[in-house]
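To convert a position in the sequence shown, counted from 1, into the working numbering, add 2. For reference, the structure is listed below as structure tokens.
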Amino acid sequence: MMNNSRSQEFFTQASKVIPGGVNSPVRACGSVGGQPVFIDKADGSMIYDVDGNSYIDYVGSWGPMILGHRHPEVIKALESVLQSGTSFGAPTALETELACLLIDMVPSVEKVRMVNSGTEATMSALRLARGFTGRDIIIKFDGCYHGHADTLLVAAGSGVATLGIPGSPGVPESVIKNTLSIDYNNIDSFTEVMHKMGDKVAAVIVEPIAGNMGMVKPIAGFHETLRELATKYGALLIFDEVMTGFRVHRGSAQGLLGIVPDISCFGKIIGGGLPVGAYGGRRDIMDHIAPLGPVYQAGTLSGNPLAMAAGIATLKEISRPGFYEALELATEKLVNGLGDAASNLRIEFCTGHVGSMAGFFFTAGPVHSFSDAKKSDLKRFASFYKGMLERGIYLAPSQFEALFVSAAHTEKQIQKTIDAAAETMKGLV
Ligand code: HOZ
3 MMNNSRSQEF
13 FTQASKVIPG
23 GVNSPVRACG
33 SVGGQPVFID
43 KADGSMIYDV
53 DGNSYIDYVG
63 SWGPMILGHR
73 HPEVIKALES
83 VLQSGTSFGA
93 PTALETELAC
103 LLIDMVPSVE
113 KVRMVNSGTE
123 ATMSALRLAR
133 GFTGRDIIIK
143 FDGCYHGHAD
153 TLLVAAGSGV
163 ATLGIPGSPG
173 VPESVIKNTL
183 SIDYNNIDSF
193 TEVMHKMGDK
203 VAAVIVEPIA
213 GNMGMVKPIA
223 GFHETLRELA
233 TKYGALLIFD
243 EVMTGFRVHR
253 GSAQGLLGIV
263 PDISCFGKII
273 GGGLPVGAYG
283 GRRDIMDHIA
293 PLGPVYQAGT
303 LSGNPLAMAA
313 GIATLKEISR
323 PGFYEALELA
333 TEKLVNGLGD
343 AASNLRIEFC
353 TGHVGSMAGF
363 FFTAGPVHSF
373 SDAKKSDLKR
383 FASFYKGMLE
393 RGIYLAPSQF
403 EALFVSAAHT
413 EKQIQKTIDA
423 AAETMKGLV
């Protein structure tokens, strides 16, 4: 039994002054019936808690740490910026450098605006889409999570799904009356909705590969239909690539899937582990943002030099030849190992990955939608989570999140993880 007395003490103190003791709900570990471990430090693929326990980390700060923690190039870039100052609230060349890298890697982005989080990116993208089209209706998909902006808190994934919150008090009916949420991967229902009201739709926003209801891949033809009908009815297609951006492919999910969205939202990896977000797209759309256009959006810390420097260093590193191929192999090995461990014990389980973004469910599957994802045995998930933690494997404490492999994970660590899963699963039958 691992010692977590200091974590418990820190959590008790935190709970007195921070709601639930955490600054983002899933971290409280409520859905897996535990308390969070408090983190002391991390390095490469490892994370260490305040009681001296060490774990192989598959959360990676919920996605940004594709290089692993404290990558030397990221640290070097941060140290160099620290010598000049931490925030100016005025332009720096770093912002243009990150914008150029992003535009080069994701061709649908002709101009990009930096913000401070994924939530800010998606809510700004929606305002822009509404301002550009002069329409109000937004279509999203059940189980997709696009941050916690009012308009998007409808049938959302991530923490909203983890806590089983149907919608959030504090979000007025009037704000969400123009948000329509439909089944992910359901081509027929999307087609029907668009035929009915497509000419009133400002935007269709989607996680191109869902990661906030667990990892759910798009079925063949889903994104093609979104693209075709959005264009047909003059609605904008927004890809929320906060999680998938530079994670599943050098050109993000859109590069992998061969779909050209009108606007894309980013976060996580483009900040190399610092708070950041960005939204970008077609030049004629982006030029509607203030100061060029009338759609307002601003931010004191937007384009923060530390975040820009960490992002630049990260995007340069992931551009090295062979980077994604190695990640793909490591993740494939992990996912196959988990699948084999479950099938040897005849545990209902399905798993998959796209690049280094992976997921698993305790159900036979296939999982194509939020209602499929909800069939997962959550009690089994909770036991699995706890057993893995005890064995030194750090997973997201929710069935409705993804798993991330970094370039720092070694073959030996992947094998250790598979062995831990096989052991843990024996306790689930
Ligand atoms: N909602 C994010 C994961 N999908 C962040 C969760 C957290 O930081 O606690």
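Positions of the beta carbon are idealized from the N, C-alpha and C atoms, including for glycine. Just so we're clear, the structure is a prediction, and the values are computed from it rather than from any experiment.
Within 10 angstroms of its Cβ, does residue i collect 16 or more other Cβ (buried), or is it exposed?
{"i": "Tyr281", "result": "buried"}
{"i": "Tyr298", "result": "exposed"}
{"i": "Ala92", "result": "exposed"}
{"i": "Thr412", "result": "exposed"}
{"i": "Glu97", "result": "buried"}
{"i": "Ile59", "result": "Checking the displayed sequence, the identity of residue 59 turns out to be Asp instead of Ile. It is buried - the Cβ of Asp59 has at least 16 other Cβ atoms within 10 Å."}
{"i": "Ala131", "result": "buried"}
{"i": "Glu194", "result": "exposed"}
{"i": "Thr419", "result": "buried"}
{"i": "Val19", "result": "exposed"}
{"i": "Asp242", "result": "buried"}
{"i": "Met3", "result": "exposed"}
Is DSSP giving residue i helix, strand or coil here?
{"i": "Ala360", "result": "strand"}
{"i": "Asp144", "result": "coil"}
{"i": "Asp264", "result": "coil"}
{"i": "Cys31", "result": "coil"}
{"i": "Tyr57", "result": "strand"}
{"i": "His71", "result": "strand"}
{"i": "Ala343", "result": "helix"}
{"i": "His290", "result": "coil"}
{"i": "Val114", "result": "strand"}
{"i": "Tyr2", "result": "The chain is shown from 3 up to 431; residue 2 falls before or after that span and cannot be answered."}
{"i": "Ser371", "result": "coil"}
{"i": "Leu84", "result": "helix"}
{"i": "Thr353", "result": "strand"}
{"i": "Met245", "result": "coil"}
{"i": "Lys179", "result": "coil"}
{"i": "Ile320", "result": "helix"}
{"i": "Leu276", "result": "coil"}
{"i": "Asp106", "result": "helix"}
Could you tell me the alpha carbon to alpha carbon distance between residue i and residue j, rounded to whole angstroms?
{"i": "Ile240", "j": "His148", "result": "11 Å"}
{"i": "Ile320", "j": "Leu69", "result": "8 Å"}
{"i": "Glu99", "j": "Lys113", "result": "12 Å"}
{"i": "Asp379", "j": "Arg8", "result": "31 Å"}
{"i": "His355", "j": "Thr246", "result": "12 Å"}
{"i": "Asn214", "j": "Phe402", "result": "5 Å"}
{"i": "Asp1", "j": "Asp421", "result": "In this structure the chain extends from 3 to 431, so residue 1 is not present and cannot be described."}
{"i": "Glu81", "j": "Phe134", "result": "40 Å"}
{"i": "Asn188", "j": "Gly120", "result": "25 Å"}
{"i": "Gly87", "j": "Leu308", "result": "9 Å"}
{"i": "Tyr235", "j": "Pro210", "result": "20 Å"}
{"i": "Thr333", "j": "Asn118", "result": "29 Å"}
{"i": "Ala375", "j": "Ala158", "result": "13 Å"}
{"i": "Leu331", "j": "Met359", "result": "12 Å"}
{"i": "Lys219", "j": "Cys267", "result": "18 Å"}
{"i": "Ile272", "j": "Asn6", "result": "33 Å"}
{"i": "Glu122", "j": "Pro277", "result": "11 Å"}
{"i": "Pro174", "j": "Val156", "result": "12 Å"}
{"i": "Arg249", "j": "Gln417", "result": "22 Å"}
{"i": "His73", "j": "Asp201", "result": "48 Å"}
{"i": "Phe192", "j": "Thr227", "result": "8 Å"}
{"i": "Gly283", "j": "Val337", "result": "34 Å"}
{"i": "Pro263", "j": "Tyr57", "result": "38 Å"}
{"i": "Val83", "j": "Gly275", "result": "15 Å"}
{"i": "Val162", "j": "Ala384", "result": "17 Å"}
{"i": "His251", "j": "Pro171", "result": "37 Å"}
{"i": "Asp286", "j": "Arg115", "result": "14 Å"}
{"i": "Lys381", "j": "Val34", "result": "8 Å"}
{"i": "Ala212", "j": "Cys146", "result": "6 Å"}
{"i": "Pro312", "j": "Leu347", "result": "Checking the displayed sequence, the identity of residue 312 turns out to be Ala instead of Pro. If I take the Cα positions, the gap works out to 44 Å."}
{"i": "Asp45", "j": "Met67", "result": "10 Å"}
Might you give, ordered along the chain, the residues of its own chain that have their beta carbon closer than 8 Å to the beta carbon of residue i, omitting 5 neighbours on each side?
{"i": "Thr153", "result": "Met125, Leu128, Ile140, Val177, Ile178, Asn180, Thr181"}
{"i": "Ser373", "result": "Asp144, Asp185"}
{"i": "Glu11", "result": "none"}
Tell me which same chain residues have a C-beta within less than 6 Å of the C-beta of residue i, skipping the five on either side of it?
{"i": "Gly367", "result": "Cys352"}
{"i": "Leu391", "result": "none"}
{"i": "Ile261", "result": "His225, Arg229"}
{"i": "Asn493", "result": "Outside the shown range of the chain, which is 3 to 431, sits residue 493, and nothing can be said about it."}
{"i": "Leu231", "result": "Met196"}
{"i": "Gly62", "result": "Phe406, Ser408"}
{"i": "Glu75", "result": "Ala315, Glu319"}
{"i": "Leu103", "result": "Leu317"}
{"i": "Leu258", "result": "Val250, His251"}
By Cβ distance below 7 Å, which residues in the same chain neighbour residue i in space, the five residues on each side in sequence not counted?
{"i": "Gly389", "result": "Thr426, Gly429"}
{"i": "Ala30", "result": "Gly22, Gly23, Val24, Pro38"}
{"i": "Ala205", "result": "Leu128, Ala131, Ile140, Ala237, Leu238, Ile240"}
{"i": "Phe325", "result": "Ala409"}
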